[in-house]
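Data first, discussion second: the structure below is written as structure tokens.
2 protein chains.
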Amino acid sequence: MTRTKTRDLIEQKADDLFYENGFEATSFADIADAVGISRGNFYHHFKSKHDILDAVIDRRLAKTARMLESWDADKLPQARILSFIRILLTNQTRIMAFGCPVGTLTTELAKLDHVAQSRAAEVFTLFRDWLADQFHALGHGDESVSLALHLLGRSQGIAVMASAYRDETYLRAEVAALEDWLDTVTTKHR
Amino acid sequence: MTRTKTRDLIEQKADDLFYENGFEATSFADIADAVGISRGNFYHHFKSKHDILDAVIDRRLAKTARMLESWDADKLPQARILSFIRILLTNQTRIMAFGCPVGTLTTELAKLDHVAQSRAAEVFTLFRDWLADQFHALGHGDESVSLALHLLGRSQGIAVMASAYRDETYLRAEVAALEDWLDTVTTKHR
DNA sequence: ACAAAATTAGGACAATCGTCCTAAATTTTA
DNA sequence: TAAAATTTAGGACGATTGTCCTAATTTTGT
Chain A
1 MTRTKTRDLI EQKADDLFYE NGFEATSFAD IADAVGISRG NFYHHFKSKH
51 DILDAVIDRR LAKTARMLES WDADKLPQAR ILSFIRILLT NQTRIMAFGC
101 PVGTLTTELA KLDHVAQSRA AEVFTLFRDW LADQFHALGH GDESVSLALH
151 LLGRSQGIAV MASAYRDETY LRAEVAALED WLDTVTTKHR
Chain B
1 MTRTKTRDLI EQKADDLFYE NGFEATSFAD IADAVGISRG NFYHHFKSKH
51 DILDAVIDRR LAKTARMLES WDADKLPQAR ILSFIRILLT NQTRIMAFGC
101 PVGTLTTELA KLDHVAQSRA AEVFTLFRDW LADQFHALGH GDESVSLALH
151 LLGRSQGIAV MASAYRDETY LRAEVAALED WLDTVTTKHR
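Residue numbers (full-length UniProt numbering), protein chains in the order written: chain A, 1 to 190; chain B, 1 to 190.
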């Protein structure tokens with residue numbers, strides 16, 4: 001198989017496994033098995049566990065950037081922000097099982113004192129800056145970044161509690177509350 | 001040394017290490033080294049990793065129950081809830097470094113598909129029920145549990161974001177916002 | 001079609017994992 | 001104080017970890 005295709009397959013499976021089982025709990029053998037290649041082949045593409053983690057983070061950064069771009073198709077900032085809020089519903093099943101991929105990875109890497117922790121947090125930064133842009137467009141000026149961080153935090157909390165209790169009712173109620181909050185924030189500045 | 005004292009010391013160090021480095025990343029050797037005993041001795045007190053995890057969860061449940069009892073010394077429900085909100089400030093340094101002990105453990109155990117996940121989430125339940133009692137005393141009736149879960153989720157989100165960015169300013173701003181929210185919730189029903 | 005390069009498989013490696021065992025040291029009991 | 005019970009140390013165990021090496025296979029470039 002061509003280099004890029006195998007690499008991409010490895011990254012894809014590693015991405016899933018890191019999310020579903022955690023970074024530390026996922027071994028080279030696990031990834032190789034999932035892809036269906038030998039550990040030797042795996043090592044030819046990624047020469048250390050740090051390398052594959054880096055690649056997965058790159059992948060997530062790119063995927064997030066693409067998603068944010070797609071949300072830009074909406075003209076209204078409040079509609080864009082609504083798209084963000086609704087990932088909690090879109091990915092409901094996986095979030096209830098494994099939490100938020102961004103939050104859980106940064107948390108794990110913080111505990112491991114891993115150098116890639118800050119890079120993993122850059123996914124948050126993509127969301128933060130994009131959300132801040134939307135709040136800015138809604139006329140919130142200097143408050144925009146705070147509002148963005150507030151919304152990110154709310155989402156993270158919902159993901160943590162929804163997965164702790166595997167409680168769909170809670171998740172839906174909190175998403176509704178978040179939508180109400182967004183309403184308050186947008187109408188206040190009209 | 002007496003049985004209970006050694007056991008207690010092991011539980012104490014394991015509790016810290018599970019919090020600081022994660023459950024999976026903490027080995028028997030790590031705990032034994034931290035306590036200053038041999039692995040053999042360790043194994044005499046806890047015959048499996050599942051056992052020591054169970055003991056740590058028991059310990060956290062008991063510690064949480066004691067903390068909630070101590071907060072009951074305050075007569076006003078809003079003052080009690082304020083005590084809960086302010087753990088984010090009391091444990092600020094550790095939360096910014098390692099996140100919330102309850103949230104991060106339940107999240108990790110969910111990914112590991114560990115049987116103890118639901119037991120670990122019982123610490124949340126202690127907080128939830130206690131908080132619901134306070135909201136009930138404030139006259140929120142059927143909404144009490146939802147309010148309790150909402151507050152728990154908000155706290156969890158703050159812990160996740162504060163540790164991801166190690167941002168004290170964010171943490172303090174969000175705690176202030178939570179106090180404002182509490183004000184709104186208490187004055188609405190006066 | 002042939003040489004060069006890239007990809008793959010499979011195993012070796014030292015270290016560490018959780019677990020278990022035995023024997024010495026210590027404490028408790030009678 | 002002697003016997004019994006508990007606590008401790010230290011190492012053995014098979015499995016698994018991340019890493020690395022070699023040799024075979026496949027793809028690529030000419």
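The C-beta atom is built at its ideal place from N, Cα and C for all residues, glycine as well.
Any C-beta of chain A under 8 Å from that of residue i
i, result
"Leu-152 (chain B)", "yes"
"Gly-40 (chain B)", "no"
"Ala-34 (chain B)", "no"
"Val-160 (chain B)", "yes"
"Ser-155 (chain B)", "yes"
"Gly-99 (chain B)", "yes"
"residue 266 (chain B)", "In the structure as shown, chain B begins at 1 and stops at 190. Residue 266 (chain B) is therefore absent and cannot be evaluated."
"Ser-144 (chain B)", "no"
"Ser-27 (chain B)", "no"
"Thr-4 (chain B)", "no"
"Tyr-165 (chain B)", "yes"
Cutoff 8 Å: residue i Cβ touching any chain B Cβ
i, result
"Ser-70 (chain A)", "no"
"Thr-186 (chain A)", "no"
"Ser-48 (chain A)", "no"
"Glu-168 (chain A)", "no"
"Asn-21 (chain A)", "yes"
"Leu-149 (chain A)", "yes"
"Thr-104 (chain A)", "yes"
"Glu-24 (chain A)", "yes"
Outcome for residue i when other beta-carbon atoms lying within 10 angstroms are tallied against a minimum of 16
i, result
"Arg-60 (chain A)", "buried"
"Glu-168 (chain A)", "exposed"
"Lys-13 (chain B)", "buried"
"Leu-147 (chain B)", "buried"
"Leu-17 (chain A)", "buried"
"Gly-141 (chain A)", "exposed"
"Ser-155 (chain B)", "buried"
"Ala-32 (chain A)", "buried"
"Arg-128 (chain A)", "buried"
"Ala-29 (chain A)", "exposed"
"Thr-93 (chain A)", "exposed"
"Asp-180 (chain B)", "exposed"
"Arg-51 (chain A)", "Before going further, note that residue 51 (chain A) is Asp rather than Arg in the sequence given. The residue is exposed, with fewer than 16 neighbouring Cβ atoms inside 10 Å."
"Leu-76 (chain B)", "exposed"
"Asp-15 (chain A)", "buried"
"Glu-39 (chain B)", "Before going on, a small fix: residue 39 (chain B) reads as Arg here, not Glu. When all chains shown are included, Arg-39 (chain B) counts as exposed."
"Thr-186 (chain B)", "buried"
"Ala-110 (chain A)", "buried"
"Ala-73 (chain B)", "exposed"
Cβ pair residue i, residue j closer than 8 Å
i, j, result
"Leu-112 (chain B)", "Gly-99 (chain A)", "no"
"Val-175 (chain A)", "Leu-89 (chain A)", "yes"
"Ala-164 (chain B)", "Phe-124 (chain A)", "yes"
"Asn-20 (chain B)", "Ala-25 (chain A)", "It is worth fixing the name first, because residue 20 (chain B) is Glu in this sequence and not Asn. Cβ atoms of Glu-20 (chain B) and Ala-25 (chain A): not closer than 8 Å."
"Glu-11 (chain A)", "Ala-55 (chain A)", "yes"
"Ile-158 (chain B)", "Ala-116 (chain B)", "no"
"Leu-138 (chain A)", "Gln-78 (chain A)", "yes"
"Gln-134 (chain A)", "Arg-80 (chain A)", "yes"
Nearest-angstrom beta carbon gap, residue j and residue i [assumed within contact, 8 Å]
i, j, result
"His-150 (chain B)", "Ser-144 (chain B)", "The pair is not a contact, with the Cβ atoms about 11 Å apart (cut-off 8 Å)."
"Leu-182 (chain B)", "Leu-82 (chain B)", "7 Å"
"Leu-171 (chain B)", "Met-96 (chain B)", "7 Å"
"Thr-106 (chain B)", "Thr-107 (chain A)", "That pair is no contact at about 11 Å."
"His-45 (chain A)", "Thr-2 (chain A)", "Not a contact, Cβ separation roughly 12 Å."
"Leu-131 (chain A)", "Ala-65 (chain A)", "With 8 Å as the limit, Leu-131 (chain A) and Ala-65 (chain A) do not qualify as a contact, their Cβ atoms being about 14 Å apart."
Chain-ordered residues of the region 107-136 of chain A with a beta carbon less than 7 Å from chain B: For the region 107-136 of chain A, which is checked against every Cβ of chain B, the residues closer than 7 Å are Thr-107, Glu-108, Ala-110, Lys-111, Leu-112, Ala-121 and Phe-124.
What are the residues of the region 172-186 of chain B that lie near chain A, defined by any Cβ-Cβ distance shorter than 8 Å? From the region 172-186 of chain B, only Ala-173, Glu-174 and Ala-177 have a Cβ closer than 8 Å to chain A.
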